[in-house]
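Engineer: Residue numbers (the numbering used here), protein chains in the order written: chain A, 20 to 239; chain B, 24 to 106.
#1: Rank A/69, A/137, A/208, A/48 by C-alpha distance to the C-alpha of residue 124 of chain A and give the top, closest one.
#2: Output, in chain order, the set of chain B residues within a Cβ distance shorter than 9 Å of residue 126 of chain A.
#3: Check whether the Cβ of residue 58 of chain A lies closer than 8 Å to any Cβ atom in chain B.
#4: Could you check if residue 56 of chain A is buried or exposed, using at least 16 other CB atoms within 10 Å of its CB as the buried criterion?
#5: Measure the C-alpha to C-alpha separation of residue 67 of chain A and residue 223 of chain A and round it to an integer number of angstroms.
#6: What residue range is occupied by the uninterrupted alpha helix (DSSP H) comprising residue 97 of chain B?
#7: Check whether the Cβ of residue 130 of chain A sits closer than 7 Å to any heavy atom of the ligand NAD, and report yes or no.
#8: Since residue 109 of chain A and residue 32 of chain A should fall inside the 8 Å C-beta cutoff, what is the C-beta to C-beta distance between them, to a whole number of angstroms?
#9: According to the Cβ coordinates, are residue 91 of chain A and residue 128 of chain A closer than 8 Å?
#10: Considering only the alpha carbon of each residue, which of A/204, A/140, A/208, A/168 lies closest to residue 226 of chain A?
#11: Taking only three categories from DSSP, how would you classify residue 134 of chain A?
#12: Do residue 190 of chain A and residue 40 of chain B have their C-beta atoms within less than 8 Å of each other?
#13: Return the first residue and the last residue of the alpha helix (DSSP H) that residue 176 of chain A is part of.
#14: Relative to the C-alpha of residue 96 of chain A, which residue among A/84, A/126, A/75 is closest?
#15: Return the CA-CA distance between residue 33 of chain B and residue 42 of chain B, expressed in angstroms with no decimal places.
#16: Using a Cβ-Cβ cut-off of 8 Å (strictly less than) and excluding sequence neighbours within five positions of residue 94 of chain B, which residues of its own chain qualify?
#17: Would residue 207 of chain A count as contacting chain B if we go by Cβ distances under 8 Å?
#18: Quick one, which residues of the region 57-70 of chain B are near chain A if we go by CB-CB under 8 Å, in chain order?
#19: I'd like to know if the region 129-138 of chain A and the region 188-207 of chain A are in contact, where contact means that at least 3 CB-CB pairs between them fall below 8 Å.
#20: Between residue 139 of chain A and the rest of its own chain, which residues show a CB-CB distance below 8 Å, the 5 nearest in sequence each way excluded?
#21: Who are the near neighbours of residue 89 of chain B in its chain, counting only those whose CB is closer than 7 Å to its CB and skipping five residues on each side?
#22: Say whether the region 57-65 of chain A touches the region 73-84 of chain A, bearing in mind that this needs 3 or more beta-carbon pairs closer than 8 Å, one atom from each stretch.
Structure (structure tokens):
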């Protein structure tokens, strides 16, 4: 069996371009340095694409800030990709797999930079829209009952941590990565907290006979 | 006619209660994201091949943004096929 076939035996569906990337990035490949340079250029282009998409939302950041973010994102993504190269199974094109790392790095960095120095609201102002309890003439009785039950369940049935995390992210629009950094945890751990809180709320509503969806499966 | 306050309430309720049914975790979402996006760009049944992804994207705005960015970047290079 040829060496390249053996090396990629666990990736039977590799397209030719992805196979070339893997062969060139192989530690024994004479063209590895050039391939790493080419990959970095690709990642930088993707990071700049992401920065352009998001910069309108952050008018207070300067052009230099964005280009620094793009370079940092490409550098960090390259390190992650080279470390995880063995994890690529060929379920997608290699470039799509690589792009997700740099887009993730860029997105997290932009969110954190945008929230730098800002206080994270633990009791978001918009929560008053619901807690005010002033129903409008357009709300029917069922909606009013649902809102009241939801307010009660958030207050009575969630732990303080669940309440703070859910309200900050779902009501206060605090990016989950920003909150994770402030609390010294991860996006995944915080989302699990949110998921458990939502399940508890749906259970509370269901126990009162309110239609708000039933929780049957949860996270996989 | 509904007021902006009503619309806001409806949106908040949806964000507070999240998606129902099974959903991926954030880590599972990241692991499957490239495959899911390539299937979408190819016009394949991405949701059938990666169950739980769509529900997670409805519930996690950060992962949804990551998905939308990757889809936009890949689709720019490879125009989407199918519906």
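C-beta: ideal position from N, C-alpha, C; glycine also.
Structural biologist: Walking through what the data contain:
#1: Here residue 124 of chain A refers to the residue found at position 105 of the first chain. Ranking the options by Cα distance to residue 124 of chain A, first place goes to A/69.
#2: Mapped onto the first chain, residue 126 of chain A falls at position 107. What residue 126 of chain A touches in chain B: 85, 88, 89, 92.
#3: Indexing the first chain from 1 puts residue 58 of chain A at position 39. Chain B contact via Cβ: absent.
#4: Taking the first residue of the first chain as position 1, residue 56 of chain A is located at position 37. Exposed, because fewer than 16 other Cβ atoms sit within 10 Å of the Cβ of residue 56 of chain A.
#5: Counting from 1 along the first chain, the entry for residue 67 of chain A is found at position 48. Counting from 1 along the first chain, the entry for residue 223 of chain A is found at position 204. In a straight line, the C-alpha of residue 67 of chain A is about 45 Å away from that of residue 223 of chain A.
#6: Mapped onto the second chain, residue 97 of chain B falls at position 74. Note, residue 97 of chain B: alpha helix (DSSP H), 84-100.
#7: For the ligand NAD, the structure offers nothing, since it holds no ligand at all.
#8: For the purposes of this step, residue 109 of chain A is taken as residue 90 along the first chain, with counting starting at 1. For the purposes of this step, residue 32 of chain A is taken as residue 13 along the first chain, with counting starting at 1. Residue 109 of chain A to residue 32 of chain A, Cβ: 5 Å. Contact.
#9: As a position in the first chain, residue 91 of chain A is number 72, starting the count at 1. As a position in the first chain, residue 128 of chain A is number 109, starting the count at 1. A contact, by the Cβ cut-off of 8 Å.
#10: Locating residue 226 of chain A in the first chain gives position 207, where the first residue counts as 1. Closest option to residue 226 of chain A, Cα to Cα, is A/168.
#11: The residue labelled residue 134 of chain A in the question sits at position 115 within the first chain. Note: residue 134 of chain A maps to coil in three-state DSSP.
#12: As a first step, residue 190 of chain A is located in the first chain; it is residue number 171 there, counting from the start. As a first step, residue 40 of chain B is located in the second chain; it is residue number 17 there, counting from the start. Not closer than 8 Å, so no.
#13: Counting from 1 along the first chain, the entry for residue 176 of chain A is found at position 157. Here residue 176 of chain A belongs to no alpha helix (DSSP H), and DSSP marks it neither H nor E.
#14: Locating residue 96 of chain A in the first chain gives position 77, where the first residue counts as 1. Selected option, being the one with the closest Cα: A/126.
#15: Taking the second chain and counting its residues from 1, one reaches residue 33 of chain B at position 10. Taking the second chain and counting its residues from 1, one reaches residue 42 of chain B at position 19. Roughly 14 Å separates the two Cα atoms.
#16: Working through the second chain from its first residue, we reach residue 94 of chain B at position 71. Around residue 94 of chain B: 60, 63, 64.
#17: Sequence index remark: in the first chain, residue 207 of chain A carries index 188 (1-based). It does: the Cβ of residue 207 of chain A has a partner Cβ on chain B nearer than 8 Å.
#18: Among the residues of the region 57-70 of chain B, those with a Cβ less than 8 Å away from any Cβ of chain A are 57, 58, 60, 61, in the order of the chain.
#19: yes
#20: To locate residue 139 of chain A, count along the first chain from 1; it is residue 120. Cβ within range, chain order: 187, 191, 193, 197, 198, 201.
#21: On the second chain, residue 89 of chain B is found 66 positions in, with the first residue counted as 1. So the qualifying residues of the chain are 56.
#22: Flag = no, the region 57-65 of chain A and the region 73-84 of chain A do not touch.
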